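Student: Below are the structure tokens for one structure; questions will follow.
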Amino acid sequence: MRVKGDGIFSINTSASGGFGNRGISLPETVADAGGGGDNPPITTDLMVYYNPDVEVYSDAGTTLAVDGDNIRQFNDQSSNGNTLNQTSASIQPIYDTTTFSGGLASIKSLYDSLIPTNLLYFDNSTSWTFYHVYKKASNSNIYYWFKGVVGYPRSEHLTTRFTIRGDSSSGKSVYYTADTDIKIMAITVDRIANEFKMYINGSYIGASTSSVTNWPVTIGQLYSNGGAIMNNGNVLFYTAAHDATDVGTISDWLNTKYSIY
Numbered sequence: 007m008r009v010k011g012d013g014i015f016s017i018n019t020s021a022s023g024g025f026g027n028r029g030i031s032l033p034e035t036v037a038d039a040g041g042g043g044d045n046p047p048i049t050t051d052l053m054v055y056y057n058p059d060v061e062v063y064s065d066a067g068t069t070l071a072v073d074g075d076n077i078r079q080f081n082d083q084s085s086n087g088n089t090l091n092q093t094s095a096s097i098q099p100i101y102d103t104t105t106f107s108g109g110l111a112s113i114k115s116l117y118d119s120l121i122p123t124n125l126l127y128f129d130n131s132t133s134w135t136f137y138h139v140y141k142k143a144s145n146s147n148i149y150y151w152f153k154g155v156v157g158y159p160r161s162e163h164l165t166t167r168f169t170i171r172g173d174s175s176s177g178k179s180v181y182y183t184a185d186t187d188i189k190i191m192a193i194t195v196d197r198i199a200n201e202f203k204m205y206i207n208g209s210y211i212g213a214s215t216s217s218v219t220n221w222p223v224t225i226g227q228l229y230s231n232g233g234a235i236m237n238n239g240n241v242l243f244y245t246a247a248h249d250a251t252d253v254g255t256i257s258d259w260l261n262t263k264y265s266i267y
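Residues in the sequence shown are numbered from 7 upward in steps of one, following this note's numbering.
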């Protein structure tokens, strides 16, 4: 049975909205994702929402991708219209419907990348949270699932820890034992508490309590992992640090689709 909560209080649920600190007021509802991807139960501060079962194209938004196709365009379901694109065929990830059970789609990537129309920017005062459904093809170190336009920042899905590195390459880790199971990872970065926390399948794993205020993060590429193949399901980014209850709500919602726990 999954245990919700970590006994740590909720803070900063009203961080700046939109892309960076431009103060965009986000809607309370998002576009109907369809195809098995219902609207998220939390839409406040929702920055982007990518669902591989909805609006993934093998061309510039006309032809829906089928199993084995290269991905040229991937539409954002958050109503913010932050479309992912990749015009270079050699680094387009693959649309896959055979790895996840029930024929659910995934974005299969290795040294590939999709580029958002607008950078996902979190300055050193903006808290943020992301949810990432994924499965490693092998229990290897994986780097760069997200990264900057070049180099840093970057994420590191390692065999013994998960690490976030900021624009300056400084970073912190939460330690755990990785595996090749499909999972729902949630990462919350709280600028006020100066920590980031990790949850797997809604359960609290641990926190890095060292200062994270020096971590501006400007994400210019997604699905750019290197080291091993990764299959990616739903992905959501928020401009707020979700508390344990929020993480449980989103994780349970994702689990209704993926039936992980």
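C-beta atoms are modelled at their ideal positions from N, C-alpha and C, and glycine is treated no differently. Treat the numbers as computed from the prediction; the structure is a model and nothing was measured.
When the Cα atoms are used, what is the spatial distance from N238 to E201?
Tutor: The residue given as residue 238 occupies position 232 in the sequence shown. The residue given as residue 201 occupies position 195 in the sequence shown. Taking the straight line from one Cα to the other gives about 26 Å.
Student: Quick one: Cα of A247 to Cα of Y181, how far?
Tutor: Within the sequence shown, the letter at position 241 stands for residue 247. Within the sequence shown, the letter at position 175 stands for residue 181. If I take the Cα positions, the gap works out to 20 Å.
Student: With a threshold of 16 other CB atoms inside 10 Å of the CB of N207, please say whether the residue is buried or exposed.
Tutor: In the sequence shown, the residue the question calls residue 207 occupies position 201. Answer is buried; the Cβ neighbour count reaches 16.
Student: Taking the Cβ atom as the reference point for each residue, do V234 and S146 lie within a distance shorter than 8 Å?
Tutor: Translated into positions along the sequence shown, residue 234 becomes position 228. Translated into positions along the sequence shown, residue 146 becomes position 140. Sequence check: residue 234 is Ala here, not Val. Yes, Cβ-Cβ distance for A234 and S146 is below 8 Å.
Student: Using a Cβ-Cβ cut-off of 7 Å (strictly less than) and excluding sequence neighbours within five positions of L260, which residues of its own chain qualify?
Tutor: By one-based count along the sequence shown, residue 260 stands at place 254. These residues qualify, in order along the chain: Y137, V139, I190, N240.
Student: If you drop the 5 nearest sequence neighbours on each side, which residues of the same chain put their C-beta closer than 7 Å to that of T255?
Tutor: To locate residue 255, count along the sequence shown from 1; it is residue 249. Cβ neighbours of T255 within its own chain (closer than 7 Å, five residues either side excluded): P47, I48.
Student: So, at 6 Å on beta carbons, what are the nonlocal neighbours of T103 in its own chain, with the 5 sequence-adjacent residues on each side left out?
Tutor: Walking along the sequence shown from the start, residue 103 turns up at place 97. Around T103: D73, G109, A111.
Student: Exposed or buried, what is V155 when buried is set at 16 or more other beta-carbons lying within 10 Å of its beta-carbon?
Tutor: Along the sequence shown, one-based indexing puts residue 155 at 149. By the 10 Å Cβ count, V155 comes out exposed.
Student: What number of angstroms, rounded off, separates the C-alpha of S216 from the C-alpha of F152?
Tutor: Taking the first residue of the sequence shown as position 1, residue 216 is located at position 210. Taking the first residue of the sequence shown as position 1, residue 152 is located at position 146. Straight-line Cα distance between these residues: approximately 22 Å.
Student: Using the Cβ count rule (16 or more neighbours within 10 Å means buried), how would you classify Y117?
Tutor: One-based indexing of the sequence shown puts residue 117 at position 111. With fewer than 16 other Cβ atoms within 10 Å, it is exposed.
Student: From Y55, T186, Y264, N220, pick the residue whose C-alpha is nearest to that of S131; which is it?
Tutor: By 1-based counting over the sequence shown, the position of residue 131 is 125. The shortest C-alpha separation from S131 is found at N220.
Student: How would you label T68, buried or exposed, when you count the other beta carbons within 10 angstroms and need 16 or more for buried?
Tutor: The count along the sequence shown starts at 1 and reaches residue 68 at position 62. With fewer than 16 other Cβ atoms within 10 Å, it is exposed.
Student: Among residues of its own chain, excluding the 5 on either side of D75, which ones have a beta-carbon nearer than 6 Å to its beta-carbon?
Tutor: By one-based count along the sequence shown, residue 75 stands at place 69. Here the set comprises S64, Y101.
Student: Looking at the structure shown, is G212 part of a helix, part of a strand, or coil, going by DSSP?
Tutor: The residue labelled residue 212 in the question sits at position 206 within the sequence shown. DSSP places G212 in strand when its eight states are reduced to three.
Student: Do you know how far the Cα of S179 is from the Cα of A213?
Tutor: Taking the first residue of the sequence shown as 1, we reach residue 213 at position 207. Taking the first residue of the sequence shown as 1, we reach residue 179 at position 173. Cα to Cα, A213 sits roughly 8 Å from S179.
Student: Nearest by alpha-carbon distance to Y210: which of I198, V218, R197, A192 is it?
Tutor: Here the question's residue 210 lines up with position 204 in the sequence shown. When I198, V218, R197, A192 are compared, the shortest CA-CA separation from Y210 is found for A192.
Student: Should T123 go down as buried or exposed, given a rule of 16 or more other Cβ atoms within 10 Å for buried?
Tutor: Here the question's residue 123 lines up with position 117 in the sequence shown. Classification of T123: exposed, given that the 10 Å Cβ count is below 16.
Student: Taking V180 as part of the alpha helix (DSSP H), name the residues at either end of that continuous run.
Tutor: The count along the sequence shown starts at 1 and reaches residue 180 at position 174. That residue, V180, is in no alpha helix (DSSP H); its beta strand (DSSP E) goes 177–181.
Student: Quick one: what does DSSP say N76 is sitting in, helix, strand or coil?
Tutor: In the sequence shown, residue 76 corresponds to position 70, counting from 1. Here N76 sits in strand by DSSP.
Student: Report buried or exposed for A95, applying the criterion of at least 16 other Cβ atoms within 10 angstroms of its Cβ.
Tutor: In the sequence shown, residue 95 corresponds to position 89, counting from 1. Exposed: under 16 other Cβ atoms inside 10 Å.
Student: Let me confirm a value: T262 is counted as buried when at least 16 other C-beta atoms fall within 10 Å, else exposed. Which label applies?
Tutor: For the purposes of this step, residue 262 is identified with residue 256 of the sequence shown, where counting begins at 1. So T262 ends up on the exposed side.
Student: Starting from the N-terminal side, write out each stretch of the beta strand (DSSP E) that is 3 residues or longer and does not extend beyond the region 81–143.
Tutor: 100–102, 112–115, 126–128, 134–142
Student: Is the beta carbon of L228 sitting closer than 8 Å to the one on Y55?
Tutor: Mapped onto the sequence shown, residue 228 falls at position 222. Mapped onto the sequence shown, residue 55 falls at position 49. Against a cut-off of 8 Å, the Cβ pair of Y55 and L228 comes out as no contact.
Student: By alpha-carbon positions, which one of D59, Y267, M236 ends up nearest to H163?
Tutor: Here the question's residue 163 lines up with position 157 in the sequence shown. Measuring from the Cα of H163, the nearest candidate turns out to be M236.
Student: DSSP three-state call for L70: helix, strand or coil?
Tutor: Here residue 70 corresponds to residue number 64 of the sequence shown, with the count starting at 1. Three-state DSSP puts L70 in a strand.
Student: Measuring only the C-alpha atoms, how far is Y127 from T89?
Tutor: The residue you call residue 127 lines up with position 121 of the sequence shown. The residue you call residue 89 lines up with position 83 of the sequence shown. When rounded, the distance between both Cα atoms is 15 Å.
Student: How is the alpha helix (DSSP H) around I266 delimited, first residue to last?
Tutor: Counting from 1 along the sequence shown, the entry for residue 266 is found at position 260. Run containing I266: none; DSSP gives neither H nor E here.
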